[in-house]
Amino acid sequence: MSSRKRTYSRITRDATELLGKLIRLRRKERKMTENDLAGRAGISRRTLQKIEQGDLKVEVGLFFEVATLVGVNLFGDHPPAISMHLSQINDKLALLPQSVRTPVKVDDEF
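Per the working numbering, the sequence shown runs over residues 5 to 114.
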């Protein structure tokens, strides 16, 4: 196994830190303990702490699930909007080729 450290862009690091802090803020506003929220999410207290710190090694699905549990709106205030956007994206993707190939330069010099 490689022990190479993964590097992330500044915006990625900032976005996960922001999401983590929003989760912590909402949890405290709802007067939930770390143990309460971790239990509801089915994760350990330590994993919740990592989420609240914006740890990029935690699965993105766990970030989203915990955010949903405390009421952080990820994609707007209207949940059906997510389904609508997903449907639109699926329609667009259906129009595009299944795979993308690197263009090959044609040698037409004889």
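Just so it is clear, CB atoms sit at the ideal spot from N, CA and C, and this is done for glycine as well.
(request) Alpha carbon to alpha carbon, how far is S91 from A42? Give it in angstroms, no decimals. (result) On the sequence shown, position 38 is the one that residue 42 refers to. On the sequence shown, position 87 is the one that residue 91 refers to. Taking the straight line joining both Cα atoms gives about 32 Å.
(request) Evaluate T20 with the Cβ neighbour count: other Cβ atoms within 10 Å of its Cβ, from every protein chain shown; 16 or more gives buried, anything less gives exposed. (result) Your numbering for residue 20 matches position 16 in the sequence shown. That one is buried.
(request) Have a look at G46, N39, V64, A71 and flag the residue whose alpha-carbon is nearest the alpha-carbon of R17. (result) Against the sequence shown, residue 17 aligns to sequence position 13. Closest by alpha carbon: V64.
(message) What does the alpha-carbon distance come out to for the pair H89 and A71?
(response) In the sequence shown, counting from the first residue as 1, residue 89 sits at position 85. In the sequence shown, counting from the first residue as 1, residue 71 sits at position 67. The straight-line gap from Cα to Cα measures roughly 19 Å.
(request) Could you tell me how far apart the beta carbons of G75 and R30 are, in whole angstroms, since I believe they sit closer than 8 Å? (result) In the sequence shown, counting from the first residue as 1, residue 75 sits at position 71. In the sequence shown, counting from the first residue as 1, residue 30 sits at position 26. That pair is a contact at about 6 Å.
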